[in-house]
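Colleague:
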Amino acid sequence: MELQKFQYDNKTVKMFAYATILWGLVGMLVGLIAAIQMYLPSVNLSLPYTTFGRIRPLHTNAVIFAFVGNGIFMGVYYSLQRLLKARMFSDLLSKIHFWGWQIIIVLAAVTLVLGKTTGKEYAELEWPIDILITLVWVVFGWNMFGTIIRRRERHLYVAIWFYIATFVTVAMLHIVNSIEIPVSFWKSYPVYAGVQDALVQWWYGHNAVAFFLTTPYLGMMYYFLPKIAQRPVYSYRLSIIHFWALIFLYIWAGPHHLLYTSVPDWAQSLGVVFSIMLIAPSWGGMINGLLTLRGAWDRVRDNVALKFLVVAVTAYGMATFEGPMLSLKSVSAIAHYTDWIVAHVHVGALGWNGFMTFGILYWLIPRLFQTKLYSERLANMHFWIGTLGIVIYAVPMYWAGFMQSSMWKDFTPEGQLKWQFLDTVTKMIPFYIARSIGGTLFLTGAIMMTYNLIKTIKIGTFLEIEEDEAPALTGEYQSHSKDHWHRWIERKPIQLMIISLVVVAIGGLVEFVPVFLVKSNIPTIASVKPYTPLELEGRDIYIREGCYTCHSQMIRPFRSETARYGEYSKAGEFVYDHPFQWGSKRTGPDLARIGGKYPDSWHYNHMLDPTSMAPGSIMPQYPWLLEDQLDGNSTMAKIKAMKRLGVPYPDGFEKIAMQEMEKQAKEITENLKKDGIETLADREIVALIAYLQRLGKDIKAEVLKAEK
Amino acid sequence: MKFINYLESISGIGIYPLISLIVFVGFFALVTLYIIKGNKNHFEKLRNLPLNEKN
Numbered sequence: 210m211e212l213q214k215f216q217y218d219n220k221t222v223k224m225f226a227y228a229t230i231l232w233g234l235v236g237m238l239v240g241l242i243a244a245i246q247m248y249l250p251s252v253n254l255s256l257p258y259t260t261f262g263r264i265r266p267l268h269t270n271a272v273i274f275a276f277v278g279n280g281i282f283m284g285v286y287y288s289l290q291r292l293l294k295a296r297m298f299s300d301l302l303s304k305i306h307f308w309g310w311q312i313i314i315v316l317a318a319v320t321l322v323l324g325k326t327t328g329k330e331y332a333e334l335e336w337p338i339d340i341l342i343t344l345v346w347v348v349f350g351w352n353m354f355g356t357i358i359r360r361r362e363r364h365l366y367v368a369i370w371f372y373i374a375t376f377v378t379v380a381m382l383h384i385v386n387s388i389e390i391p392v393s394f395w396k397s398y399p400v401y402a403g404v405q406d407a408l409v410q411w412w413y414g415h416n417a418v419a420f421f422l423t424t425p426y427l428g429m430m431y432y433f434l435p436k437i438a439q440r441p442v443y444s445y446r447l448s449i450i451h452f453w454a455l456i457f458l459y460i461w462a463g464p465h466h467l468l469y470t471s472v473p474d475w476a477q478s479l480g481v482v483f484s485i486m487l488i489a490p491s492w493g494g495m496i497n498g499l500l501t502l503r504g505a506w507d508r509v510r511d512n513v514a515l516k517f518l519v520v521a522v523t524a525y526g527m528a529t530f531e532g533p534m535l536s537l538k539s540v541s542a543i544a545h546y547t548d549w550i551v552a553h554v555h556v557g558a559l560g561w562n563g564f565m566t567f568g569i570l571y572w573l574i575p576r577l578f579q580t581k582l583y584s585e586r587l588a589n590m591h592f593w594i595g596t597l598g599i600v601i602y603a604v605p606m607y608w609a610g611f612m613q614s615s616m617w618k619d620f621t622p623e624g625q626l627k628w629q630f631l632d633t634v635t636k637m638i639p640f641y642i643a644r645s646i647g648g649t650l651f652l653t654g655a656i657m658m659t660y661n662l663i664k665t666i667k668i669g670t671f672l673e674i675e676e677d678e679a680p681a682l683t684g685e686y687q688s689h690s691k692d693h694w695h696r697w698i699e700r701k702p703i704q705l706m707i708i709s710l711v712v713v714a715i716g717g718l719v720e721f722v723p724v725f726l727v728k729s730n731i732p733t734i735a736s737v738k739p740y741t742p743l744e745l746e747g748r749d750i751y752i753r754e755g756c757y758t759c760h761s762q763m764i765r766p767f768r769s770e771t772a773r774y775g776e777y778s779k780a781g782e783f784v785y786d787h788p789f790q791w792g793s794k795r796t797g798p799d800l801a802r803i804g805g806k807y808p809d810s811w812h813y814n815h816m817l818d819p820t821s822m823a824p825g826s827i828m829p830q831y832p833w834l835l836e837d838q839l840d841g842n843s844t845m846a847k848i849k850a851m852k853r854l855g856v857p858y859p860d861g862f863e864k865i866a867m868q869e870m871e872k873q874a875k876e877i878t879e880n881l882k883k884d885g886i887e888t889l890a891d892r893e894i895v896a897l898i899a900y901l902q903r904l905g906k907d908i909k910a911e912v913l914k915a916e917k
Numbered sequence: 003m004k005f006i007n008y009l010e011s012i013s014g015i016g017i018y019p020l021i022s023l024i025v026f027v028g029f030f031a032l033v034t035l036y037i038i039k040g041n042k043n044h045f046e047k048l049r050n051l052p053l054n055e056k057n
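Top line first, the protein sequences correspond to chains A and B.
If you're matching positions, the first sequence starts at 210 in the numbering used here and goes up one per residue.
If you're matching positions, the second sequence starts at 3 in the numbering used here and goes up one per residue.
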C-alpha cells in the first residue's frame, strides 16, 4: 500500500500550551486575591472592579474556560492528529479557533470586572460573548470533524469519543442555558424564571463540570497516560463501558445541586439516584488509569510528568467519590452553602485538572522543542509544593465547612439558636488564612513550572515540521459478515456524535419537560407580585455586584433555617425571578426574607461600611453605590422585556415606569431623612434598598392574611 | 417567549422515566454483550493505537 507523507501542526499546539500557562497563572492569581479578601476585604482597594463579587466570577471563568479550556485544546490538537494520522483539517480554522478563544477570554475578563454579568454561575458572560463562544465552538468542531473525515486510521480511539461527546454536549448545554432576551448590548434576561431557571442552570453547571472539566481530560488521560508510561491502557473494554456509562449518567445529576430547595421533589430524587450511580463509571475510569501503570510503577519514580498524572487521577478518584456522597440528601443538608463544597471543587480543579495539565506540559514542551526538560529537580519541587498546596487548601476548607454547618444548626437547651450568623463568619477567618497559604503554594509551583518551561524552550529548537507517513484509507470498508454493531459506531464519527447527543439529551428532557409544562410542579402564590421598576433596577445592581456569590436566597425546610431566616422558600415565590438568585454559598446570611427586617437606614449605613452595623463583618464596603447615579435609560426596555417573558405588568406600564420609580425612590429618601441621612433619590443605593426591602415581603403578607 | 406552563397537565407522564429506564438498561445490555463477546484482537489493536507512533 502506498504510504502518504504528511506533517503535523505543532504550532497551534504550542500556542495553546502558551495560552494555558499564561491564563493559568492569571486565573490562580485572581483566585488568590479573592481568597485574601475573605479575611482582608480592603484588598479590593475600595474599587468596584476588584471587589469579591466581581472577581470571584472572573476567577472561576478564567480557571475553567481560559486555563482548562486552552489545556483541552492543547491536548486535543496534539493527540487527535497523531491518533488519526492526519494534520488538522484547516490551518485557517485552527488560527480562528485559537485567536477567537483568546478574544473571548479577554472580553470576559473586561466585562466581568465591569459588572456585566447574567448572574448565572459559570455562565456569567453576556449575550454578545455567548454568541461568539458558539461561533468559535463550531469552528473547533468543524476543524475536529474535518480532521476525522480525512483520517488515515479507520478506528477512533476512545480518547476521540470523549472529545466528540465533549463537543456536542457543551454545545447543547451552552445554547440551552444561554437563551436570553437582550435589553441592551451588555444586559439580558434569561427566558427561564425561578425554579425552571435553577433547574436549567444547574443542569448546565453540573455538566460544565462533567463535559468541560472531566470528559475532555479523561480523553487526554486515555492518550497521554499510556503515551508517557509507554504501555497501553489497562483495559480497552473497561474504557468503552466507562465512556457510555459516564455520559449517560452524568447528564441527569444536575438537581443534586438543588437538594432541599423549592425544586420539585421527584426531580431532586432523580438527581440523587443518578449521582450515586455515577461512582461506578468514574471509579472504573480511575482504576483503568491507575492500573495502566501496573508493573511500571518504577517509571513513576523517575518521570515527573507521570507523578503529576498519578496524583491527578487519584484526585479524580477522590472528587468522584465525594460527589456522589455529597448528593445524598442528608450529607447535602450539612455541606451545601458551606466551604466543604469549595474544598470539594478544588480537589478536582487543583488536583485533577491542574496536575493533569502540568504533567502533560512537562512531557509535551520538551518534545515540541526537541530537548530535555531544563530542570528535573525544579519540576520535582513543583510536584511537592503543589501537592502540599492542595492539602493546605483542602483540609482547612473541609474543617471550616463542617464547623460552619454545625454552628448554623446549633441550638441552646432552651431551644434558641446558639450562634449569631456573624459568629459563624468570624470563626472561619483562621481557615480562610490557611486556605490562602495553600493557594499561594500552588501558585508558586505554577510559577516555578513557567520558569522551567521557558528555560527549556530557550535551550531547544521548535519542531515546526514533524513528518509522518501512513497509508490512505481505502474507499469502502470491507465489513466482514460477523462485524459487530458497535464497530459501526467506532468507525463513524457522525454516528458516534448523534448517539452521544441522544444519550445526553434524554436526561435533560425527562427533567425539564415536566417542570416546564406541568403547572402543578410550580404552585403559584396569589400574593407574589412582580417587582416594581425601582426594585427591578435594584435587583440588577444586586446581580451586577455579584451578591449571589456570598448570599443565598433559598431557605431550606430545616428548623435551624426557619428559626434563623423565617418561613422556608416556596417554588411560587420565584416565578418573576429572571434570573433566579438562589446562590450556592453562604459566606453571608441568606437574604430571602431580609425585607422589612431592618430599617432603610440600616442598609444605607451597612452598604457604606458593613462593620458599622455588624462589627467583625467581612463584607466589602460599597461606597460607590451611594454616589453613583442610577442609570434609568433602559428601565423601559427592561419592563418591556419582562412583559415579553410573561411577567404580568399592566398594559402600558412601561410608560409610567419612570414615574413609579421616582415615587418609590422619594418614599425611601424620606425614610432615610427621618434617620438623619440625606441622599438624592436617583442614587443606586436607593434602588438596592428598595429591592432588599422587598425580598420575602409577599410571603409575609400571605402569612399575616392566614393568621387573620 | 413565555416559558411558563403551556399545559395544565400531561397525561401519562409516568411513561417518561419508564422509557428512559428501558433505553438505559437496553443500551447497557448491548454494550456489555459487545464487551464480553467482542474480538480480543480487535480490542488489542485499538488499545495500542496511541503507541503506534514512530516517536
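Cβ atoms here follow ideal geometry from the backbone N, Cα and C, with glycine treated the same way.
From a predicted model like this one, the values you see are computed outputs, not experimental measurements.
(1) Considering only DSSP beta bridges, list what A/K396 is partnered with.
(2) On the criterion of 16 or more Cβ atoms from any shown chain inside 10 Å, does A/R919 qualify as buried, or is it exposed?
(3) Under the rule that 16 or more other beta-carbon atoms within 10 Å means buried, what is B/R49, buried or exposed?
(4) Does at least one heavy atom of the ligand FMN sit under 7 Å from the Cβ of A/V404?
(5) Between A/I674 and chain B, is the shortest Cβ-Cβ distance under 8 Å, so that the two count as touching?
(6) Any C-beta of chain B within less than 8 Å: which residues of the segment 451–465 of chain A qualify?
(7) List, in chain order, every chain B residue whose beta-carbon is nearer than 7 Å to that of A/P435.
(8) Please decide whether B/V27 counts as near chain A, where near means a Cβ-Cβ distance under 8 Å.
(9) How would you write the range of the alpha helix (DSSP H) that A/P435 sits in, first residue to last?
(10) Tell me whether A/E676 sits in a helix, a strand or coil according to DSSP, three-state version.
(11) Got a sec? Which residues, its chain only, sit under 7 Å from A/G498 by beta carbon, not counting five neighbours each side?
(12) Could you pull out every residue in the same chain whose Cβ sits closer than 7 Å to the Cβ of A/R644, ignoring the five residues on either side in sequence?
(13) Going by the beta-carbon positions, is the gap between A/D799 and A/Q762 smaller than 8 Å?
(14) Grouping DSSP H, G and I as helix and E and B as strand, with all else coil, what is A/R753?
(15) Is the Cβ-Cβ distance between A/V409 and B/S22 less than 8 Å?
(16) Just tell me which of A/I908, A/T621, A/G480 and A/A228 has its CA closest to the CA of A/A735.
(17) Of all the CB atoms in chain B, is at least one closer than 8 Å to the CB of A/P441?
(18) Taking all protein chains shown into account, do 16 or more other C-beta atoms lie within 10 angstroms of the C-beta of A/G647, making it buried, or fewer, making it exposed?
(19) Between the C-alpha atoms of A/R576 and A/L515, what's the straight-line distance to the nearest angstrom?
(20) In chain B, which residues lie with their C-beta within 8 Å of the C-beta of A/H383?
(21) For A/E531, which residues in the same chain have their Cβ closer than 6 Å to its Cβ, ignoring the five residues on either side in sequence?
(22) Beta-carbon separation of A/T327 and A/S397 under 8 Å?
(23) Rounded C-beta distance between B/V33 and A/H695? I'm assuming under 8 Å.
(24) Rounded to whole angstroms, what is the Cα-Cα separation between A/A317 and A/D860?
(25) Can a CB atom of chain B be found closer than 8 Å to the CB of A/I715?
(26) Taking only runs of the alpha helix (DSSP H) that begin and end inside the segment 593–679 of chain A, which ones reach a length of at least 4 residues, in chain order?
(27) Please go through the same chain and pick out, in chain order, the residues whose beta-carbon is closer than 6 Å to the beta-carbon of A/L382, but skip the five residues on each side of it.
(28) Does DSSP put A/K325 in a helix, a strand or coil?
(29) Can A/Q213 and A/I674 be called in contact, C-beta distance under 8 Å?
(30) Is the number of C-beta pairs between the segment 615–630 of chain A and the segment 766–779 of chain A that are closer than 8 Å three or more?
(31) Taking Cβ-Cβ distances shorter than 9 Å, what residues in chain B pair up with A/H364?
(32) Quick check on this structure: which residue in A/T470, A/S387, A/I496 and A/A801 has the alpha carbon closest to the alpha carbon of A/S541?
(33) Would you say A/R508 faces chain B, with C-beta separation under 8 Å as the test?
(34) Kindly list, in the order they appear in chain B, the residues whose Cβ is closer than 7 Å to that of A/H306.
(35) So, at 7 Å on beta carbons, what are the nonlocal neighbours of A/K325 in its own chain, with the 5 sequence-adjacent residues on each side left out?
(36) On the three-state DSSP scale, how would you describe A/D218?
Modeller: Working from what's here:
(1) The partner list for A/K396 (beta bridge, DSSP) reads A/S393.
(2) As shown, chain A starts at 210 and ends at 917. That puts residue 919 of chain A outside it, with no answer to give.
(3) Per the 10 Å Cβ criterion, buried.
(4) The ligand FMN is not part of the structure shown, which contains no ligands of any sort.
(5) No, A/I674 lies away from the interface with chain B (no Cβ there is under 8 Å from its Cβ).
(6) For the segment 451–465 of chain A, which is checked against every Cβ of chain B, the residues closer than 8 Å are W453, A454 and F457.
(7) One finds P52 and L53 in chain B with Cβ atoms closer than 7 Å to the Cβ of A/P435, taken in chain order.
(8) At least 8 Å separates the CB of B/V27 from every CB of chain A.
(9) First-last of the alpha helix (DSSP H) with A/P435: T424 to A438.
(10) In the structure shown, A/E676 sits in a strand (DSSP, three-state: E or B).
(11) Counting only Cβ-Cβ distances below 7 Å, and skipping sequence neighbours, we find M430, L434 and V522.
(12) Exclusion of the five residues before and after A/R644 leaves A244, Y602, P605 and M606 as the residues of its chain whose Cβ lies within less than 7 Å of its Cβ.
(13) Between A/D799 and A/Q762, the C-beta spacing is below 8 Å.
(14) Note: A/R753 maps to helix in three-state DSSP.
(15) At the C-beta level, A/V409 and B/S22 stay beyond 8 Å of one another.
(16) Of A/I908, A/T621, A/G480 and A/A228, the smallest CA-CA separation from A/A735 is found for A/I908.
(17) Contacts with chain B at 8 Å (Cβ-Cβ) include A/P441.
(18) Burial call: buried.
(19) About 15 Å.
(20) Correct list: empty, because the minimum Cβ distance to chain B is about 18 Å.
(21) Taking C-beta separations shorter than 6 Å and ignoring five residues to either side along the sequence, the partners of A/E531 in its chain run H553, following chain order.
(22) Closer than 8 Å, so yes.
(23) About 7 Å separates the CB atoms of B/V33 and A/H695; that is less than 8 Å, so the two are in contact.
(24) Distance between the alpha carbons of A/A317 and A/D860 is about 37 Å.
(25) Chain B places a beta carbon closer than 8 Å to that of A/I715, counting this residue as a contact.
(26) You should have 630–635 and 638–668.
(27) Sequence-distant Cβ neighbours of A/L382 in its own chain, meaning closer than 6 Å and more than five residues away, are Y413 and N416.
(28) If DSSP states are grouped into helix, strand and coil, A/K325 belongs with coil.
(29) No, they are not a contact pair.
(30) At 8 Å Cβ cutoff, the stretches touch.
(31) Those within 9 Å of A/H364 in chain B are H44, K47, L48 and L51.
(32) Among A/T470, A/S387, A/I496 and A/A801, the Cα nearest to that of A/S541 is on A/T470.
(33) Answer no: the Cβ-Cβ gap between A/R508 and chain B never drops below 8 Å.
(34) Result: empty, since nearest Cβ-Cβ is about 23 Å, beyond 7 Å.
(35) Only E335 and W395 meet the Cβ criterion.
(36) Correct three-state label for A/D218: strand.
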